[in-house]
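Data first, discussion second: the structure below is written as structure tokens.
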């Protein structure tokens with residue numbers, strides 16, 4: 280008896296997605312441990328257990344792979360859906376979810392090491408810094424800005440400069456604690472202390488942009 284079920288083919292099938300993820304995981308490991316200049320596409324292929332041709336079939340060049348690895352790391356903690364405003368969900372709840380994800384992301388070992396790497400590379404290769412900024416911080420700022428425009432339109436908060444407000448939100452969450460981590464003179468804030476910090480920041484943000492009529 281013949282099987283009429285056809286096997287999925289073309290980019291996007293499970294096998295391809297698994298290889299793409301393996302390549303991204305390998306890229307994150309190597310970029311952070313060896314630096315950008317010392318990480319080759321050959322090394323990424325070997326680390327991922329795939330051929331060099333497979334790496335190039337998913338990512339055209341090293342810059343594209345680096346940007347994708349940064350974006351993937353951000354997406355792990357802050358998926359695009361976090362920046363939506365579902366009906367029936369309080370704005371404060373949405374902001375708390377974003378704040379928790381962002382706080383965990385920026386204080387992770389990967390993020391701290393990546394920011395240290397970019398601080399070193401910034402003066403050497405401004406183009407690479409721009410790739411990093413657009414794939415990571417700019418993506419989150421843009422998502423937050425779009426969300427805050429919707430929040431303003433809903434009347435829940437009064438935000439006439441959503442881009443500025445987005446920057447304020449993330450900077451408040453980073454606080455002095457993240458600077459201490461980057462400089463190697465502090466430990467990540469976790470558990471109850473992290474939750475208290477997140478709630479305090481969201482509370483400050485809500486009060487700062489509360490409509491005058493409320």
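Numbering (our numbering), first residue to last: 280 to 493.
In this text, a Cβ means the ideal position worked out from N, Cα and C, and glycines have one as well.
Please name the residue, chosen from the options, that lies closest to residue i on a Cα-to-Cα basis.
i           : options            : result
residue 438 : 401, 396, 487      : 487
residue 380 : 424, 402, 370, 361 : 361
residue 435 : 350, 327, 371      : 371
residue 461 : 390, 431, 481, 415 : 390
residue 340 : 329, 357, 319      : 319
residue 452 : 424, 393, 374, 399 : 374
residue 311 : 394, 450, 476, 406 : 394
residue 459 : 295, 366, 386, 297 : 386
residue 490 : 456, 432, 469      : 432
Would you report the Cα separation of residue i and residue j, rounded to the nearest angstrom?
i           : j           : result
residue 444 : residue 383 : 20 Å
residue 315 : residue 471 : 36 Å
residue 332 : residue 351 : 21 Å
residue 463 : residue 424 : 31 Å
residue 303 : residue 447 : 31 Å
residue 317 : residue 466 : 29 Å
residue 369 : residue 338 : 39 Å
residue 502 : residue 322 : Past the edges of the chain, shown from 280 to 493, lies residue 502, and the structure says nothing about it.
residue 366 : residue 403 : 47 Å
residue 329 : residue 355 : 23 Å
residue 347 : residue 485 : 33 Å
residue 378 : residue 468 : 13 Å
residue 364 : residue 412 : 25 Å
residue 301 : residue 477 : 33 Å
residue 475 : residue 335 : 45 Å
residue 420 : residue 376 : 15 Å
residue 430 : residue 313 : 42 Å
Quick one: measure Cβ to Cβ for residue i and residue j, integer angstroms, because I've assumed they're closer than 8 Å.
i           : j           : result
residue 415 : residue 349 : 5 Å
residue 396 : residue 408 : Not a contact, Cβ separation roughly 10 Å.
residue 495 : residue 342 : Here the chain has residues from 280 to 493 only, and residue 495 is not among them.
residue 255 : residue 326 : As shown, the chain starts at 280 and ends at 493. That puts residue 255 outside it, with no answer to give.
residue 353 : residue 418 : 6 Å
Can you have a look at residue i and say buried or exposed, based on whether 16 or more other CB atoms are within 10 angstroms of its CB?
i           : result
residue 282 : For residue 282, the predicted model reports a pLDDT of 42, less than 50, meaning its position is unreliable and no value from the coordinates is stated.
residue 299 : buried
residue 324 : buried
residue 455 : exposed
residue 482 : exposed
residue 296 : exposed
residue 450 : exposed
residue 307 : buried
Complete beta strand (DSSP E) runs within the segment 337 to 370 (minimum length 3 residues, chain order): none
Ranges of the alpha helix (DSSP H) found wholly within the segment 377 to 453, counting only runs of at least 4: Listed in chain order, the complete alpha helix (DSSP H) runs (minimum 4 residues) inside the segment 377 to 453 are 388 to 400, 405 to 414, 416 to 433.
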